[in-house]
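Enquirer: Throughout, my numbering is defined as the position within the sequence shown, counted from one, plus 9. Glycine is no exception: its CB is placed at the ideal position from the N, C-alpha and C atoms. Keep in mind it's a predicted model, so treat the numbers as computed, not measured.
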Amino acid sequence: MKKELFLVVAMAVLFVVPVLYQTRHLALRLDSDYDTVLPLYGYVAQYIREHGRIPAVFPYADFGYPTVADPLSAVLNPIFMVPLVLFGVDSGMSVVFVLLTIIAGISMWALLKTLNVSGWVRVWGATLYVISGALTARFAAGHTLFFLAYPILPLFFAAVLPAHVSVLKTLISALVITMLFFSGDIYGIWFALLFLACIRGFWIVKFPKQRKYLLIHSLGTMVLFMLFSSPKLIPVMRDIYPRMKRIFQPIFGEGSIHAILTPLFYIVPFRETFYDRPFFRRLLGFHFNWYEYYAFISPLPFVLLLYIRKVWKKDMVRLVVVLLVMGMLYIAQRHPYSPFYWLFQAVPGLSILRVPQRMAMYAMPLVIALCALCANGAWNMKNKRILLIVLLSGSIVWTYIVSRSAFLVAYEAPRTEEQALVWELRKHDSSNFSVVTHVCCMQRFLVRDGITIYNYYFPWRDKSFPDSEEVIEKLRPKYVIAKLDLDIRSKAYYPLFETRIARVWKSL
């Protein structure tokens, strides 16, 4: 067992550390969600270092933005915040990437061990989970809530998949859901509840005499989750829902595709050239950016499904298949043949969960687990072992090469022009003031210089706050940072200075 874990950890380190070394002179790209999260968590980390506690409010966004009470906040996730506090944002993020890949490998190994998958296949499955495109795509997009959730998903399945339930398993499942909440992953909580309901339903049908026992432990999971998550759940219910609103109205079914197309997420190695190409968007129904679909592990593991007949009699295999079918139907929620189409029609409030294809990431432990179970069953066929070795090793090499490329997308050359613009603005005005910016990638540098941004991008906003198009007229920020082709003289602003990337306007 120690040897297997050592190999899994070593593979995780060998995957992430060379990328971090190669990008040591680069920065996390700001034309992504990093432009939103880095200033926020950088401020929180600095505040904790100076004051020894988490700030209640991030003061540089709008009228002040709640840190803990934001449903999408990750400030209570220690795996994330402790490295940022100890090492600063840039070095701390590198430490976070290393920790997450290691935890992902160990977590997936634990799931496969729970499913009685043999040693070498366990190592393969855990390694494939570490290097999958589902994780590297989230690194590239700056989706902190998802890449913080990804490593612990297998632990949830390890706790809830077996028919035999226990207090320990109930405790683990509740702790995992709590950590999803502390990571800001509302999708993770929703999907965990769907999976839990489906799993319990499967075992109740199989063992009806255990119905009461299974239902009690399911209820126990929910009660423990609410108890463990109360440090965040209470502020969310108290501060967010009464006075905050989403900045846009979700559109039902955007990005949903037919269930039969779901394997594309796992076998297509291309990113923008496939998911973001207009032709495929029209043909297949893609809508959001590539990283919302991308979960590449190569086509090779799916060849192992040809051996599913060897293990089909096992209840666990059938359960995993049922869960994957449920996930495919969820992704197809725009279409009437999906039960989730009718669920979302009946409960309009669920439309806040606007990206159905995100299910692909949460199903990744199940996809790899099913392939591993099939490989485990085929291993006893001695005449197939060479083929199995080729498939297993080939999938690792192929996925490693492609995912390394996706991981590198997270980095870019440091944005010196944006930084220089903020420095120039500070030369003109050293007082406390607010701005509106219509130029990409400025937020980190503005916050670093203590400048409040009225149109800081957050998915939630105070109900009293003006809509985006009314911010300048109603709040009258002292400065507006605009693209060079935008003229706002009609709004009583005059040009102060301009650079190659933007023009700064000052209020009259």
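1. What residues in its chain sit with their C-beta under 7 Å from that of Trp514, if we drop five residues either side in the sequence?
2. Which two residues bound the contiguous beta strand (DSSP E) that contains Arg255?
3. Beta-carbon separation of Tyr371 and Phe200 under 8 Å?
4. Ends of the alpha helix (DSSP H) at Phe261?
5. Helix, strand or coil for Pro64, going by three-state DSSP, please let me know.
6. Determine the contact status of Arg453 and Asp71, defining contact as a CB-CB distance below 8 Å.
7. Check whether the segment 398–406 touches the segment 299–319, taking contact to mean three or more Cβ pairs, one atom from each stretch, closer than 8 Å.
8. If I measure Cβ to Cβ from Pro48 and keep anything under 6 Å in the same chain, skipping five residues before and after, which residues do I get?
9. On the premise that Ile340 lies in contact with Pro357, defined as a C-beta separation below 8 Å, what is that separation, rounded to the nearest angstrom?
10. Using 8 Å for Cβ pairs, my map puts Leu484 next to Tyr466. What's the rounded Cβ distance?
11. Would you be able to state if there are at least three C-beta pairs under 8 Å between the segment 152–161 and the segment 185–199?
12. Would DSSP call Leu505 helix, strand or coil?
13. Just tell me which of Tyr303, Met325, Met231 and Glu507 has its CA closest to the CA of Gly264.
14. Could you round the C-beta distance between Gly193 and Pro80 to whole angstroms and report it? I think they count as a contact, below 8 Å.
15. Classify Ile481 as buried or exposed, calling it buried when 16 or more other Cβ atoms lie within 10 Å of its own Cβ.
16. How is the alpha helix (DSSP H) around Ser516 delimited, first residue to last?
17. To the nearest angstrom, how far is the alpha carbon of Thr136 from that of Cys383?
18. Compute the beta-carbon to beta-carbon distance between Ala78 and Val245, rounded to the nearest angstrom, for a pair I have assumed lies under 8 Å.
19. Between which two residues does the beta strand (DSSP E) holding Tyr339 run?
20. Alpha carbon to alpha carbon, how far is Lys472 from Cys380? Give it in angstroms, no decimals.
21. What are the start and end residues of each continuous alpha helix (DSSP H) run of 4 or more residues lying completely inside the segment 357–400, in chain order?
22. So, under 8 Å CB-CB, Leu333 and Leu292 are touching, yes? Tell me the CB distance rounded to an integer number of Å.
23. Could you say which of Ala65, Thr76 and Ala54 lies nearest to Phe89 if we only look at CA atoms?
24. Among residues of its own chain, excluding the 5 on either side of Arg394, which ones have a beta-carbon nearer than 7 Å to its beta-carbon?
25. Identify every residue that forms a DSSP beta bridge with Glu281.
26. What first and last residue would you give for the alpha helix (DSSP H) that runs through Asp99?
27. With three or more beta-carbon pairs closer than 8 Å as the criterion, would you say the segment 58–66 touches the segment 174–181?
28. Skipping 5 residues on each side, what residues in its chain have a beta carbon closer than 7 Å to that of Tyr275?
29. What's the C-alpha gap between Lys218 and Trp212?
30. Locate the beta strand (DSSP E) running through Ala491, then write down its first and last residues.
31. Would you grab the beta carbon distance between Ala362 and Leu170 for me? Rounded to a whole angstrom, and I think it's under 8 Å.
32. Check Arg413 in the structure and name its three-state DSSP category.
33. Does the segment 141–148 come into contact with the segment 103–115, if we say contact requires no fewer than three beta-carbon pairs (one atom in each stretch) closer than 8 Å?
34. Span of the alpha helix (DSSP H) holding Thr271?
Expert: Judging by the given coordinates:
1. Walking along the sequence shown from the start, residue 514 turns up at place 505. Non-local C-beta neighbours of Trp514 in its own chain, meaning closer than 7 Å and more than five positions away in sequence, comprise Tyr488, Val489, Ala491, Ile497, Tyr502, Tyr503, Pro504 and Leu505, ordered along the chain.
2. Residue mapping note: residue 255 aligns to position 246 of the sequence shown, counting from 1. Counting along the chain, the beta strand (DSSP E) containing Arg255 begins and ends at Met253 to Arg255.
3. The sequence position of residue 371 within the sequence shown is 362, counting from 1. The sequence position of residue 200 within the sequence shown is 191, counting from 1. Yes, they are a contact pair.
4. Residue 261 sits at position 252 when you count from the first residue of the sequence shown. That residue, Phe261, is in no alpha helix (DSSP H); it is neither H nor E in DSSP.
5. Within the sequence shown, numbered from 1, the residue matching residue 64 stands at position 55. In this structure, Pro64 counts as coil in the three-state DSSP scheme.
6. As a position in the sequence shown, residue 453 is number 444, starting the count at 1. As a position in the sequence shown, residue 71 is number 62, starting the count at 1. No, the pair does not count as a contact, with Cβ atoms beyond the cut-off.
7. yes
8. Along the sequence shown, one-based indexing puts residue 48 at 39. For Pro48, where only same-chain residues beyond five positions count, the Cβ hits under 6 Å are Gln452, Arg453 and Val456.
9. Mapped onto the sequence shown, residue 357 falls at position 348. Mapped onto the sequence shown, residue 340 falls at position 331. About 20 Å separates the CB atoms of Pro357 and Ile340; that is not less than 8 Å, and the two are not in contact.
10. The residue you call residue 484 lines up with position 475 of the sequence shown. The residue you call residue 466 lines up with position 457 of the sequence shown. Going by Cβ atoms, the distance from Leu484 to Tyr466 rounds to 16 Å, so no, they are not a contact pair.
11. yes
12. The residue labelled residue 505 in the question sits at position 496 within the sequence shown. Strand, per DSSP.
13. Your numbering for residue 264 matches position 255 in the sequence shown. Closest by alpha carbon: Tyr303.
14. Position 184 of the sequence shown, counted from the start, is the residue given in the question as residue 193. Position 71 of the sequence shown, counted from the start, is the residue given in the question as residue 80. Correct: roughly 7 Å between the Cβ atoms.
15. As a first step, residue 481 is located in the sequence shown; it is residue number 472 there, counting from the start. Ile481 sits buried, since 16 or more C-beta atoms from the chains shown fall within 10 Å of its C-beta.
16. Taking the sequence shown and counting its residues from 1, one reaches residue 516 at position 507. No alpha helix (DSSP H) contains Ser516, which is instead part of the beta strand (DSSP E) from Arg512 to Ser516.
17. Along the sequence shown, read from residue 1 onward, the residue named residue 136 stands at position 127. Along the sequence shown, read from residue 1 onward, the residue named residue 383 stands at position 374. Straight-line Cα distance between these residues: approximately 17 Å.
18. Here residue 78 refers to the residue found at position 69 when the sequence shown is read from its first residue. Here residue 245 refers to the residue found at position 236 when the sequence shown is read from its first residue. Confirmed, Cβ separation roughly 5 Å.
19. Within the sequence shown, the letter at position 330 stands for residue 339. Secondary structure note for Tyr339: it is in no beta strand (DSSP E), and the uninterrupted alpha helix (DSSP H) holding it is Asp324 to Ile340.
20. Residue mapping note: residue 380 aligns to position 371 of the sequence shown, counting from 1. Residue mapping note: residue 472 aligns to position 463 of the sequence shown, counting from 1. Straight-line Cα distance between these residues: approximately 48 Å.
21. Counting whole runs of 4 or more residues, the segment 357–400 contains the alpha helix (DSSP H) stretches 368–371 and 373–387.
22. Taking the sequence shown and counting its residues from 1, the one referred to as residue 333 is at position 324. Taking the sequence shown and counting its residues from 1, the one referred to as residue 292 is at position 283. So it is not a contact: roughly 24 Å between Cβ atoms.
23. Counting from one through the sequence shown, the residue named residue 89 turns up at place 80. Of the listed residues, the one whose Cα sits closest to Phe89 is Ala54.
24. Stepping through the sequence shown from its first residue, residue 394 is reached at position 385. Same-chain partners within the cutoff: Trp388.
25. By one-based count along the sequence shown, residue 281 stands at place 272. None; Glu281 has no bridge partner.
26. Here residue 99 refers to the residue found at position 90 of the sequence shown. Segment Val98 to Thr123, the alpha helix (DSSP H) holding Asp99.
27. Short answer: they don't touch.
28. Within the sequence shown, the letter at position 266 stands for residue 275. Excluding positions up to five away in sequence, the list reads Ala304, Phe305, Ile306 and Val376.
29. Here the question's residue 218 lines up with position 209 in the sequence shown. Here the question's residue 212 lines up with position 203 in the sequence shown. Distance between the alpha carbons of Lys218 and Trp212: 10 Å.
30. Here the question's residue 491 lines up with position 482 in the sequence shown. Start and end: Tyr488 to Ala491.
31. Position 353 of the sequence shown, counting from 1, holds the residue named residue 362. Position 161 of the sequence shown, counting from 1, holds the residue named residue 170. Going by the sequence as given, residue 362 is Leu instead of Ala. Not confirmed; about 23 Å, so no contact.
32. If you number the sequence shown from 1, residue 413 lands on position 404. Three-state DSSP puts Arg413 in a helix.
33. yes
34. Position 262 of the sequence shown, counted from the first residue, corresponds to residue 271. Segment: none, Thr271 is in no alpha helix (DSSP H) and carries neither H nor E.
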